[in-house]
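Peer 1: Mind having a look at this structure? Questions to follow.
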Amino acid sequence: MPASINVLFLAAEAEPFVKVGGLADVAGSLPLALRALPYQATHGAALDVRLVLPLHLHSRAESTTMRPVAEFQVYRSGGSIPAQVFETSLNGMPVYFISGHPLSASPSVYSPDPALDREKYAFFSLAVLEMLRHVDWQPDILHANDWHTALALYALRARRGDPVLARVRTLLTLHNLPYMGGEAADALNAYGLMPLNDDALPQWARTFFLPLGLWAADAIVPVSPAYAREILTPDFGCGLESYLNSRRESITGILNGLDVSGWDPAADAAIPAPFSAANLEPRSASKAALQKSLGLPEDPRIPLLAMVGRVDRQKGQDLAFDALRQSASHAWQFVMLGSGDPALENLAANLQADFHDRVRVALRYDAPLGRLIYAGADMFLMPSRYEPCGLAQMIAMRYGCVPVVRATGGLKDTVEEGRTGFLFRKAEPADLAEALERALGVYANPAKWQRYQRNGMSADFSWPRPARQYAMLYHSLTSS
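Here the sequence shown is numbered in my numbering, starting from 1 and rising by one per residue.
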């Protein structure tokens with residue numbers, strides 16, 4: 001049994017340094033939760049988990065104290081590219097930042113130009129491996145996340161003869177399988193990597209970063225047990241289901257956690273009055289404030305439905321709009337916050353125009369309003385066509401907002417029918433409308449509704465739970 005397990009956690013973004021999407025929440029929380037585990041949860045091995053990130057142009061990392069720790073060259077055809085490594089700390093955890101010209105070629109974490117992003121993350125992935133020659137710490141495990149860092153695992157596999165890398169085991173957390181990084185033969189060639197010559201992967205996938213990372217990884221972790229099963233099927237496998245089935249012994253679904261201290265209705269300064277599962281009555285102040293702020297009739301009895309998040313076909317806003325139209329004979333109000341697909345935004349605007357007395361749509365990012373919605377709405381709609389994990393339903397339950405969700409991915413793993421929420425199976429407006437009718441029926445019974453609220457608020461979605469599962473996986477990888 002190793003006395004310690006060193007883990008280098010690779011990500012494109014992480015709170016509090018830079019955040020675009022949900023990956024930042026995971027990368028900012030999971031490594032710290034792993035470091036905080038007691039010895040009995042890690043089989044007696046200390047976990048020295050460290051984070052490595054690209055130094056993006058507008059990263060908040062530069063506002064922290066960073067010290068330079070290494071400089072080196074990353075090979076690229078036609079020459080080599082200088083790279084620098086800086087180190088800072090986050091709650092005692094060492095955090096490395098890698099800088100270099102490809103990482104500053106665009107101001108955003110994710111560029112509108114896919115080729116630019118492939119260049120950026122190919123450089124970052126290879127710079128991480130080169131960094132290991134120049135810092136006085138060596139990982140036992142490389143833990144990559146999504147396509148942006150998957151190439152590091154493929155490059156490591158190609159360099160197993162290198163004594164620095166020979167004993168390093170690898171793990172890839174899969175947050176969203178359809179996002180594979182695009183065809184990358186040019187980037188592979190530029191950085192001296194051969195396309196994969198293995199019939200195990202489909203021909204088309206052998207020059208995509210994510211499939212290459214999946215092929216190279218010793219362990220694959222989809223972000224919920226249900227999603228781990230779904231990606232083995234043609235509906236969700238994105239053309240890789242046959243390969244993933246061949247690797248099913250290496251696949252472990254682990255549900256993401258929630259920062260429960262950051263999402264706490266008993267201590268949230270953004271809402272009018274704190275409340276808890278033991279004292280739900282002050283929650284009514286948030287509902288009244290939400291109705292008033294959006295110009296809705298202030299009625300504490302009418303069920304207030306909500307959606308918060310990216311406006312995208314995956315999230316199923318179109319299903320919600322149609323289901324609400326089908327449910328127009330029922331009393332309800334509906335609020336939606338988020339932006340994205342222009343066609344869906346137009347549908348949202350049309351819904352508001354047609355139901356101007358009970359629908360409000362805010363097509364923007366607005367964190368304070370989002371918190372008020374979680375705290376003030378009665379029901380949270382998530383009719384996702386697929387949802388690898390999902391964070392919003394966990395936040396909603398934490399705030400006593402009962403979820404009505406499609407039974408897919410992490411939604412199926414977190415929402416319990418008849419206890420914490422309502423589920424429907426098919427991605428069809430009629431199915432959602434039927435689930436909504438069930439929810440409205442329970443809402444009419446306040447005592448029963450409060451049981452749903454309290455059950456959801458009492459559910460444990462904290463990070464120590466998935467951290468223990470990852471620790472077991474690390475132990476298994478280093479023991480084999």
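Every residue gets a Cβ at the ideal spot worked out from N, C-alpha and C, and that includes glycine. In this text, all values refer to a predicted model and were calculated from it rather than measured experimentally.
Going by CA-CA distance only, name the one from Asp140, Ala190, Leu142 that's closest to Gly79.
Peer 2: Ranking the options by Cα distance to Gly79, first place goes to Ala190.
Peer 1: Of the choices Phe123, Asn6, Val164, whose alpha-carbon is the least far from that of His134?
Peer 2: When only C-alpha atoms are compared, the closest one is Val164.
Peer 1: From Pro222 to Val74, what distance separates their C-alpha atoms?
Peer 2: Going from the Cα of Pro222 to the Cα of Val74 covers about 31 Å.
Peer 1: Any chance the stretch 294-311 sits against the stretch 372-384, with 3 or more Cβ pairs inside 8 Å?
Peer 2: Enough Cβ pairs lie closer than 8 Å, so yes.
Peer 1: If you count every other CB in all the chains shown that lies within 10 Å of the CB of Met382, and 16 or more means buried, which is it?
Peer 2: The residue in question, Met382, is buried, as its Cβ has 16 or more Cβ neighbours within 10 Å.
Peer 1: State the beta-bridge partners of Met194 as determined by DSSP.
Peer 2: BP columns for Met194 are empty, so no partner.
Peer 1: Using the Cα positions of Ser430 and Thr42, report the straight-line distance between them to the nearest angstrom.
Peer 2: Correcting the residue type first, residue 430 is Ala in the shown sequence and not Ser. Cα to Cα, the separation comes out at about 47 Å.
Peer 1: What does a CB cutoff of less than 6 Å around Ser559 pick up in its chain, not counting 5 residues either side in sequence?
Peer 2: As displayed, the chain neither begins before 1 nor continues past 480, which places residue 559 out of reach and without an answer.
Peer 1: Determine the DSSP secondary structure at Val52, reduced to helix, strand or coil.
Peer 2: Strand.
Peer 1: Quick one: is Gly257 buried, meaning 16 or more other Cβ sit within 10 Å of its Cβ, or exposed?
Peer 2: Gly257 is buried by the Cβ-count criterion.
Peer 1: What residue range does the beta strand (DSSP E) around Arg76 cover?
Peer 2: Where Arg76 is concerned, the enclosing beta strand (DSSP E) stretches over 67-76.
Peer 1: Does the separation of the CB atoms of Gly182 and Pro102 fall below 7 Å?
Peer 2: Cβ distance not < 7 Å, so Gly182 and Pro102 don't count as in contact.
Peer 1: Name the residue from Asn176, His148, Leu142, Ala184 whose alpha carbon lies nearest to the alpha carbon of Ala166.
Peer 2: Per the Cα distances, Leu142.
Peer 1: So, for Phe321: in the same chain, excluding its five sequence neighbours on each side, which residues have a beta-carbon less than 6 Å away from its beta-carbon?
Peer 2: Closer than 6 Å at the Cβ level, and outside the excluded window around Phe321, lie Leu347, Leu351.
Peer 1: Could you check which residue in Ala362, Leu436, His356, Glu281 has the C-alpha nearest to that of Pro446?
Peer 2: The option with the nearest alpha carbon to Pro446 is Glu281.
Peer 1: Can you round the beta-carbon distance between Tyr154 and Ala216 to whole angstroms, since I take them to be within the 8 Å contact cut?
Peer 2: The Cβ separation is near 4 Å, so the contact holds.
Peer 1: Just checking my contact of Ala14 with Leu55 at CB under 8 Å: how many whole Å lie between their CB atoms?
Peer 2: Incorrect: roughly 12 Å between the Cβ atoms, too far for contact.
Peer 1: Apply the 10 Å Cβ neighbour rule to Ala266 and answer buried if 16 or more other Cβ atoms are within range, or exposed otherwise.
Peer 2: Exposed, by the Cβ-count rule.
Peer 1: With a cut-off of 8 Å on the beta carbons, I'd call Ser4 and Ala45 a contact; round off their distance for me.
Peer 2: Right, their Cβ atoms sit about 6 Å apart.
Peer 1: As an exercise, report each continuous alpha helix (DSSP H) stretch of at least 4 residues that is fully enclosed by the stretch 178-228, in chain order.
Peer 2: 185-190, 209-216, all fully within the stretch 178-228.
Peer 1: Going by DSSP in three states, Ser329 sits in which element: helix, strand or coil?
Peer 2: Residue state, collapsed to three classes: coil.
Peer 1: Can you list, in chain order, the residues of its chain whose CB lies under 8 Å from that of Arg229, leaving out five sequence neighbours each side?
Peer 2: Closer than 8 Å at the Cβ level, and outside the excluded window around Arg229, lie Gly253.
Peer 1: Distance, Cα to Cα, Leu232 vs Ala353?
Peer 2: Each residue's alpha carbon lies about 42 Å from the other.
Peer 1: Count the other CB atoms within 10 Å of the CB of Gln291; is the residue buried (16 or more) or exposed (fewer)?
Peer 2: Looking at its Cβ environment, which holds 16 or more other Cβ atoms inside 10 Å, Gln291 is buried.
Peer 1: Is the CB-CB distance between Ala439 and Val405 below 7 Å?
Peer 2: Not in contact: Ala439 and Val405 (Cβ atoms no closer than 7 Å).
Peer 1: Just to confirm, are Leu564 and Ala219 a CB contact at a threshold of 7 Å?
Peer 2: Coverage of the chain is limited to positions 1 through 480, which leaves residue 564 absent and any answer about it impossible.
Peer 1: Between the alpha carbons of Arg118 and Phe124, how many angstroms are there, rounded?
Peer 2: Each residue's alpha carbon lies about 10 Å from the other.
Peer 1: Is it right to say Met194 is buried, meaning 16 or more other beta carbons lie within 10 angstroms of its own, or is it exposed?
Peer 2: Label assigned to Met194: exposed.
Peer 1: If you follow the alpha helix (DSSP H) that Arg345 is part of, which residue opens it and which one closes it?
Peer 2: It is Glu, not Arg, that sits at residue 345 in the sequence shown. Where Glu345 is concerned, the enclosing alpha helix (DSSP H) stretches over 342-354.
Peer 1: Compute the Euclidean distance between the alpha carbons of Pro342 and Met336, then round it to the nearest angstrom.
Peer 2: When rounded, the distance between both Cα atoms is 15 Å.
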